[in-house]
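Notes for the one structure printed next.
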Amino acid sequence: MNRSKENAGAIFCPQGDLTIYTAQQQKEQLMLAINRNTIQINLSEVTDMDTAGLQLLILAKLESLRRNIPLIITGHTRAVLDVIELCNLSGFFGDPVFIPSDNADKGAIS
Amino acid sequence: MTNLVKAERALTTQKVREEESQYLTFLLGKEMFAIGILSIKEIIEYGQVTSVPMMPSFVRGVINLRGQVVPVIDLQARFGRPSSLVGKRSCVVIIEIRLSPEQEQHVIGVLVDSVSEVLAIAPAQIEKAPQFGAKLRPDFISGMGKVDDKFVIILNVEKVLSVDELSALTERVEDSRQD
Amino acid sequence: MNMEQAFQTFLAESAELLQDMEDKLLGLENCEDATESVNSIFRAVHTIKGSAGLFGLDDIVAFTHVVESVLDDVRSGSFVLDEQLINLLLQCKDYIGKMVDSIEGESVLMTAEDLQLQQALTNTLSGYLNKVHSTSPATMLVGINETDDYQSVSVIESDITIANENWHISVYFGVDVLRSGMDPLSFLRYLATLGTIVHIETVTDGMPSPEDMDAESCYLGYEINFHSNATKNQIEDVFEFVRDDCQLKILPPYAKASEFIAIIESIQTDELKLGEILLRCGTLTQRELDDLLHLQTSVKQGGTHRLIGEIVVADGLASSEVVTAALHKQAQGKKAKEKQAQTVRVDAEKLDHLINLIGELVIAGAGVESEAHLTGIGSLKESAQTMTRLVEEVRESALHLRMVQIGETFNRFQRVVRDVSKELGKDIDLQINGAETELDKTVIEKISDPLMHLVRNSIDHGIESPALRAERHKPVTGNVTLNAYHESGTIVIEVSDDGGGLNKDKILQKARANGLVSPDTELSAHEIYQLIFEAGFSTADAVSNISGRGVGMDVVRRNIEALRGTVEIDSEYTVGTTIRIRLPLTLAIIDGFMMKVGDVFYVLPLDIVEECIELNACHSEGQEGRHYINLRGEVLPFIRLGDYFCKSQRKAKRENIVVIKYGNLKAGFVVDELMGEFQTVIKPLGPLFERVPGISGSTILGSGEVALILDAASLIHLVMQRDGKAMSVAAQQSALH
Chain A
1382 MNRSKENAGA IFCPQGDLTI YTAQQQKEQL MLAINRNTIQ INLSEVTDMD TAGLQLLILA
1442 KLESLRRNIP LIITGHTRAV LDVIELCNLS GFFGDPVFIP SDNADKGAIS
Chain B
1413 MTNLVKAERA LTTQKVREEE SQYLTFLLGK EMFAIGILSI KEIIEYGQVT SVPMMPSFVR
1473 GVINLRGQVV PVIDLQARFG RPSSLVGKRS CVVIIEIRLS PEQEQHVIGV LVDSVSEVLA
1533 IAPAQIEKAP QFGAKLRPDF ISGMGKVDDK FVIILNVEKV LSVDELSALT ERVEDSRQD
Chain C
145 MNMEQAFQTF LAESAELLQD MEDKLLGLEN CEDATESVNS IFRAVHTIKG SAGLFGLDDI
205 VAFTHVVESV LDDVRSGSFV LDEQLINLLL QCKDYIGKMV DSIEGESVLM TAEDLQLQQA
265 LTNTLSGYLN KVHSTSPATM LVGINETDDY QSVSVIESDI TIANENWHIS VYFGVDVLRS
325 GMDPLSFLRY LATLGTIVHI ETVTDGMPSP EDMDAESCYL GYEINFHSNA TKNQIEDVFE
385 FVRDDCQLKI LPPYAKASEF IAIIESIQTD ELKLGEILLR CGTLTQRELD DLLHLQTSVK
445 QGGTHRLIGE IVVADGLASS EVVTAALHKQ AQGKKAKEKQ AQTVRVDAEK LDHLINLIGE
505 LVIAGAGVES EAHLTGIGSL KESAQTMTRL VEEVRESALH LRMVQIGETF NRFQRVVRDV
565 SKELGKDIDL QINGAETELD KTVIEKISDP LMHLVRNSID HGIESPALRA ERHKPVTGNV
625 TLNAYHESGT IVIEVSDDGG GLNKDKILQK ARANGLVSPD TELSAHEIYQ LIFEAGFSTA
685 DAVSNISGRG VGMDVVRRNI EALRGTVEID SEYTVGTTIR IRLPLTLAII DGFMMKVGDV
745 FYVLPLDIVE ECIELNACHS EGQEGRHYIN LRGEVLPFIR LGDYFCKSQR KAKRENIVVI
805 KYGNLKAGFV VDELMGEFQT VIKPLGPLFE RVPGISGSTI LGSGEVALIL DAASLIHLVM
865 QRDGKAMSVA AQQSALH
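This is the structure we're talking about:
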């Protein structure tokens, strides 16, 4: 249910809150997305994220580094950006963060 | 200057003496008694007395005096007379006694029929207790105060309310009941 | 705080610390976690030394310093705490206690004999120190620095100050933080409100492989360079809710290098990498990091590596302030403050006064409530009710202030058992049960001496010699057990042993010889055992003659009776003895059951009330003056409280029986009205009523009236006695006819 409709199986596309309440479930979804040659995550549907959610992203990043496969994260929402910024992790995730148009004025990207 | 100091000192000694010779007078039936005011803590209205079972008649019961449970002694009964009837003017005189410096202070209430006034009785106006005729144990009387040509019995509170004696008496009641 | 107050605090604190030291030392013998115990023993001695220094008590400082040095070597692992050393330290503890007790003004007045002991102790201690310091130059260095009395952490001579002008916060969250409903991010956001997060590094090293990763566990840590004018406490408070569930280190600006080493070491990660993280945070400069790593290595090689780590860990976060402030006074203040947070000393008299005032408040509140009721104003009534409820709560908590757990008193016996049993060459274990049982502080204080006596007796005369135990096929290690529990509104304290038990025949023999018992009287076993509480048995002769118990049991009984308690003995020859002390909760609070007879309210301890039943005709009561009913097939004797207490014969329309059970006794009390449960504050009735049987105290009701608390046991006993007498009188009379 969390997977994107057009690209089933390849993209981890959590919807709504990426928090402790759904983390267990979403980790399973993420694991499905990891078993490929790339890890693709689309965060555009994420409305809220906490440490548990952040950890999933970190897990994906560490795994991509370990397997030496690219991690592509797209569609960061404000909620996601805030957390990444707070933890000073934009460098860690390394990929260009797309600025959602409604938040373009914030310019919080490294 | 020296005179002033002297005068002051005279005043204080006078004050002490006055206190020494001030007495609270009260009625038991129609008889008037007096207690030195130094041992009196306060006077309260009679009410809400809880009777304690198996006590001699002179122990009226206990009252709550601001959190402290205080026994109330019926003086009439203590003197071996019929117990006081509680009326509108009945009062409990709260007395603090210390039998000796080492002993802790005891607070005891005394039921009287009515409280009259505080009188000053000069030591010169106090006669020794009669050996008999007062219808009272001689050791209960510390003196006879002369007031307006009448005699007021000044009570020896320590003797009347001797805790040792009272509690010994309560024990006897118990024994007699058991037999 | 003025000097006098500070001094009193010092005395009280020293006593506590020494007690703690003793407990820990004894605990070590039973192989508890050694490191923690050693650390706290060290802290105890160290704190006493520091405080003594503040008061200029040089003698205490000098002696404790030696003890502390030895303990320090124990901490560094130079030698182990064996039984011999534990013995020595116990002696030192006693001696320190003695010194503290002998303080006169600014000096300690000890007798020549004591000073000899001190010399002996110091010599033995020095023996230990020399042993270590001749072999390890590194620790020697520590010893020298330690002579600088007030800077305990300045052990590393070359400790460097880090030039970072910001706070450095190192926080690693516990695994369960998320599950507990806390989000580390919110702490970071909150932290940001106190200042500026100059740089933050998320440490992800704790993250396991995807298979092992539990999405609900937390694996993150943060190293934060934080600019703020906030105090350490304020920063600490940010993490208050996860304080116990995370590894938190807060280093003030210009912290010492050793503390960074501690962080690097405490985090389970590559040392170099964490150093780099600190570097990136801007907390450390490259040069500093190099120095640090160099220092760390050299220290490791020097052999004091353990020491640094341990000191920092042991002194925890408080010591970082000690270092920066470098003022012992401050450390003292901080420590004192921590202590105060746990306990506040209050004069017992003040507490009593408070409780009395609250009692007054309850009554005044009841008055207000009834007045408010009369006015008929709804809101007023409601407010009055709220107030009454609050006052009731305040009263309840105030009363509990007086209650103390008996555990501390019990623990003191560990030492007695240990010392006396060693002296006697017996192997004895002390077991403690019910340490959390609470009773009034004054009662605890007064029961301590009799208990001591009983415990000593158990060791002395109760437990047999190992040889005899072997002969009797018992384990060589004897057991003495202290137990405390609440029962039927009383507190029961038991001292039991699995020793020789009492020899009935010998006791009876002895009692007959002493004329305590007439030769033809037959006594039950229980009655015979009670005999040892008679004064006649307290002769030295009795000790040798009666297997089991010794001197002074009559004194024990007298002390217990002074507390209106009872004492009884259960014993079986060659198997063991249990002495049971039953104390009423005088001065304490009980849950009471209130009832009314005539105009007077009575209260029974709720625990002994089994049930309440209506007394009706079918119980066919009082037939021919008999006083018992059929309670579901059981014969239940009852007492008419009305007949017994009041002279009036007026009977209420409906009467009730309150069925009580006290020990083996079961009986009914007939009362007019049942009022229900009532929290009862026991007030003594005063000397005048001391000897009144059946009444154990009084309590004040919300209305201000006084209610009497019944002593069920003595009441029943009294009735039994009276009935017995009546019977014998009747028998005599019928015999005459």
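Chains as they are written, first to last, in the working numbering: chain A, 1382 to 1491; chain B, 1413 to 1591; chain C, 145 to 881. Note that beta-carbon positions come from the ideal geometry of N, C-alpha and C, so glycine has one too.
Along the segment 350-371 of chain C, what residues have a CB closer than 7 Å to any CB found in chain A?
From the segment 350-371 of chain C, only Met-351, Pro-354, Met-357, Ala-359, Glu-360, Cys-362, Tyr-363 and Leu-364 have a Cβ closer than 7 Å to chain A.
Cβ of C/Lys-585 within 8 Å of Cβ of C/Pro-610?
No; because the gap between Cβ atoms is not below 8 Å, this pair is not in contact.
Sub-8 Å separation of B/Val-1524 and B/Ile-1449 beta-carbons
The answer is no: Cβ separation not under 8 Å.
How is B/Pro-1483 classed by DSSP in three states: helix, strand or coil?
It is a strand residue.
Under the rule that 16 or more other beta-carbon atoms within 10 Å means buried, what is C/Ser-565, buried or exposed?
Per the 10 Å Cβ criterion, buried.
What is the C-beta distance between C/Ala-516 and C/Ala-508, in whole angstroms, given that I count them as a contact (C-beta under 8 Å)?
Their Cβ separation, rounded to whole angstroms, is 12 Å, which puts C/Ala-516 and C/Ala-508 out of contact at 8 Å.
Test: A/Gln-1436 CB closer than 8 Å to a CB of chain C:
Chain C, which has a Cβ nearer than 8 Å to the Cβ of A/Gln-1436, makes this yes.
Around the Cβ of B/His-1518, are there at least 16 other Cβ atoms within 10 angstroms (buried) or fewer (exposed)?
B/His-1518 is buried by the Cβ-count criterion.
Applying the 10 Å Cβ sphere with the 16-neighbour rule, what's the burial state of C/His-190?
Under this definition C/His-190 is a buried residue.
Closest to C/Val-512 by C-alpha separation, out of C/Phe-154, C/Thr-532, C/Ile-368 and C/Asp-320, would be which residue?
The candidate whose alpha carbon is nearest that of C/Val-512 is C/Thr-532.
Simplified DSSP assignment, three categories, for C/Gln-391
Strand.
Looking at chain A, is there any beta carbon in it that lies within less than 8 Å of the beta carbon of C/Val-319?
Output row for C/Val-319: interface = no.
Determine whether the beta carbon atoms of C/Asn-373 and C/Val-342 lie at a separation below 8 Å.
It is not a contact, given that the beta carbons lie outside the stated cut-off.
Can you tell which of C/Glu-758, C/Arg-798, C/Asp-641 and C/Val-803 has the C-alpha that lies nearest to the C-alpha of C/Glu-93?
This structure cannot settle anything about residue 93 of chain C, because the visible part of chain C is limited to 145 through 881.
Is there a Cβ from chain F that is less than 8 Å from the Cβ of B/Gln-1488?
The chain inventory of the structure shown lacks chain F, comprising the protein chains A, B and C.
Could you tell me the distance, in whole angstroms, from the CA atom of C/Gln-163 to the CA atom of C/Ala-492?
The straight-line gap from Cα to Cα measures roughly 21 Å.
From C/Asp-216, C/Val-211 and C/Val-252, pick the residue whose C-alpha is nearest to that of C/Thr-266; which is it?
The option with the nearest alpha carbon to C/Thr-266 is C/Val-211.
So is C/Leu-155 in contact with chain A if we call contact Cβ pairs under 8 Å?
No, because no Cβ of chain A sits closer than 8 Å to the Cβ of C/Leu-155.
Can you list the residues of chain C that B/Val-1483 reaches, using a CB-CB cut of under 9 Å?
Reading the sequence as shown, one finds Pro at residue 1483 of chain B and not Val. Going along chain C in sequence order, the residues near B/Pro-1483 (Cβ under 9 Å) are Leu-829, Gly-830, Leu-832 and Phe-833.
Find the residues of chain B that neighbour C/Val-744, judging by a C-beta separation of less than 9 Å, and give them in chain order.
The CB of C/Val-744 comes closer than 9 Å to the CB of Thr-1462, Ser-1463, Val-1464, Pro-1465 and Gly-1473 in chain B, given here in chain order.
B/Arg-1510 at chain C interface by Cβ criterion, 8 Å
No, because no Cβ of chain C sits closer than 8 Å to the Cβ of B/Arg-1510.
Excluding sequence positions up to five away, which residues of its chain have a Cβ less than 6 Å from the Cβ of C/Lys-479?
Note that C/Lys-479 scores a pLDDT of 46, beneath 50, so its modelled location is shaky; the value from the coordinates is reported in the next line. Taken in chain order, the list of residues that qualify is empty.
Ordered along the chain, which non-local residues of its own chain (more than five positions away) have a Cβ less than 6 Å from that of B/Ser-1528?
Excluding sequence neighbours, B/Ser-1528 sits near Thr-1437 and Phe-1438.
Along chain C, which residues have their Cβ under 7 Å away from the Cβ of A/Asp-1431?
Asp-327 and Leu-329, listed in chain order.
Hey, is the segment 227-245 of chain C in contact with the segment 199-215 of chain C, meaning 3+ C-beta pairs nearer than 8 Å?
Yes, the segment 227-245 of chain C touches the segment 199-215 of chain C.
Do B/Ala-1546 and B/Gly-1555 have their CB atoms nearer than 8 Å?
No. Outside cutoff.
Return the Cβ separation of B/Ile-1565 and B/Phe-1470 in integer angstroms, given the expectation that the two are a contact with Cβ distance under 8 Å.
Contact between B/Ile-1565 and B/Phe-1470 is absent: CB atoms are separated by about 18 Å, not below the 8 Å threshold.
Tell me C/Asn-577's beta-bridge partners as DSSP assigns them.
The partner list for C/Asn-577 (beta bridge, DSSP) reads C/Asn-627.
C/Cys-236 - containing alpha helix (DSSP H), residue span
227-245 is the extent of the alpha helix (DSSP H) around C/Cys-236.
Alpha-carbon spacing of C/Thr-721 relative to C/Ile-651, whole angstroms:
Distance between the alpha carbons of C/Thr-721 and C/Ile-651: 14 Å.
Contact between the segment 595-614 of chain C and the segment 624-642 of chain C (3+ Cβ pairs under 8 Å)
At 8 Å Cβ cutoff, the stretches touch.
For C/Thr-348, go through chain A and note every residue whose CB falls closer than 7 Å to its CB, in chain order.
Annotation: Cβ neighbours of C/Thr-348 in chain A (cutoff 7 Å, chain order): Ile-1439 and Leu-1443.
Can you find the residues in the same chain that come closer than 8 Å, C-beta to C-beta, to C/Glu-173, ignoring five residues on each side of it along the sequence?
Glu-227, Ile-230 and Arg-562.
Could you pull out every residue in the same chain whose Cβ sits closer than 7 Å to the Cβ of C/Leu-748, ignoring the five residues on either side in sequence?
Excluding positions up to five away in sequence, the list reads Gly-736, Phe-737, Val-802, Ile-804, Leu-854 and Ala-856.
Under the three-state reduction of DSSP, which class applies to A/Tyr-1402: helix, strand or coil?
Note: A/Tyr-1402 maps to coil in three-state DSSP.
Tell me the residue span of the beta strand (DSSP E) that contains C/Ser-104.
With chain C covering 145 to 881 only, the question about residue 104 of chain C has no answer from this structure.
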